[in-house]
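S.K.:
Residue numbers (this note's numbering), protein chains in the order written: chain R, 633 to 759; chain Z, 172 to 356.
#1: On the three-state DSSP scale, how would you describe residue 740 of chain R?
#2: Say whether chain Z places a C-beta atom closer than 9 angstroms to the C-beta of residue 689 of chain R.
#3: Between the Cα of residue 658 of chain R and the Cα atoms of R:636, R:732, R:751, R:682, which residue gives the shortest distance?
#4: Going by Cα to Cα distance, which pick from Z:267, Z:317, Z:341, Z:295 is closest to residue 241 of chain Z?
#5: Under 7 angstroms Cβ to Cβ from residue 685 of chain R, same chain only, skipping five residues before and after it: list those, please.
#6: Along chain Z, which residues have their Cβ under 7 angstroms away from the Cβ of residue 754 of chain R?
#7: The beta strand (DSSP E) with residue 262 of chain Z in it runs from where to where?
#8: Residue 329 of chain Z: buried (16+ other C-beta within 10 angstroms of its C-beta) or exposed?
#9: Using DSSP with H/G/I as helix, E/B as strand and the rest coil, what is residue 635 of chain R?
#10: Residue 356 of chain Z to residue 208 of chain Z, Cα distance in whole Å?
#11: Could you check the C-alpha separation between residue 675 of chain R and residue 700 of chain R for me, to the nearest Å?
#12: Whose Cβ in chain R lies nearer than 8 angstroms to the Cβ of residue 227 of chain Z?
#13: For residue 319 of chain Z, is the classification buried or exposed, using 16 other Cβ atoms within 10 angstroms of its Cβ as the cut-off for buried?
#14: Spatial neighbours of residue 714 of chain R within its chain, please: C-beta separation below 7 angstroms, excluding the five flanking residues on both sides.
#15: Identify the continuous alpha helix (DSSP H) that holds residue 681 of chain R and give its terminal residues.
#16: Would a check of beta-carbon distances place residue 676 of chain R closer than 9 angstroms to chain Z?
#17: Do you know how far the Cα of residue 284 of chain Z is from the Cα of residue 278 of chain Z?
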């Protein structure tokens with residue numbers, strides 16, 4: 633299947649979803665007024681990928697900012713990943729935050745509390 | 172005297188150390204410009220990256236609240252001209268070691284009652300309760316057609332770390348003016 637690559641913008645993150653390696657990355661900022669439109673193709677891609685995934689799927693979330701409209705869409709994306717995780721593929725989420733950014737660390741914990749996927753919350757110097 | 176009025180306004184803004192203020196219709200393009208201006212302004216400030224991030228985050232939510240609220244007022248009230256209903260005010264100020272974001276917009280009285288209840292609920296919660304409340308709304312809520320999640324005010328309260336100061340000024344039988352004052356430190 634085709635990979636999904638989107639350039640980042642002032643209000644949306646860059647997206648690199650690679651079906652052959654099972655590596656999915658969201659990076660940058662996600663602050664569009666209405667996130668639904670932006671996240672739709674991401675969810676569609678995961679649906680398609682979930683039909684024939686590779687054994688291990690890792691999702692790297694490297695966000696500098698995200699708004700509350702995106703927070704709901706990100707949760708829906710995690711739910712899709714939760715749904716495809718099982719016998720065909722093991723999904724792991726890596727949630728990155730910049731040192732001292734407690735808000736982004738807590739945001740990772742919020743998702744960790746709701747989603748039943750292995751969730752690594754990782755501190756880095758710069759995202 | 173126009174000249175004096177401008178000078179007074181200038182002095183007020185100087186005294187309050189207002190970094191940026193705007194009154195008018197809040198559009199998506201305006202938000203992009205304001206956020207970009209604020210980011211570059213804060214780049215030159217000595218504050219911690221953590222505080223700058225908080226300010227940026229809270230600003231995004233405040234401005235998007237205004238944007239979505241104005242959007243929902245499409246069916247204009249008879250007592251207002253279209254521009255008044257769609258118009259809002261916001262300002263960002265720096266005072267000593269903290270930032271203040273203030274917004275003002277018209278709101279119909281029915282929505283004001285709901286909003287006041289929500290704000291009081293949020294203001295009655297401590298840090299841990301807010302976190303729990305956020306997680307509840309996040310996992311059980313649904314997105315509106317406009318893409319709003321009902322999380323904006325909770326998020327503002329969590330990130331600012333302070334109570335949300337607000338006031339509803341009665342304007343007429345159907346409308347009020349909603350003033351919100353957020354301290355971020």
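Heads up, the beta-carbon is just placed ideally off N, CA and C, and yes, glycines get one too.
M.R.: Based on what the coordinates show:
#1: helix
#2: no
#3: R:636
#4: Z:317
#5: 654, 716, 720, 721
#6: Per Cβ cutoff of 7 angstroms: no residues; residue 754 of chain R is ~18 angstroms from chain Z at best.
#7: 258-266
#8: buried
#9: coil
#10: 20 angstroms
#11: 18 angstroms
#12: 697
#13: buried
#14: 747, 748, 749
#15: 668-683
#16: no
#17: 10 angstroms
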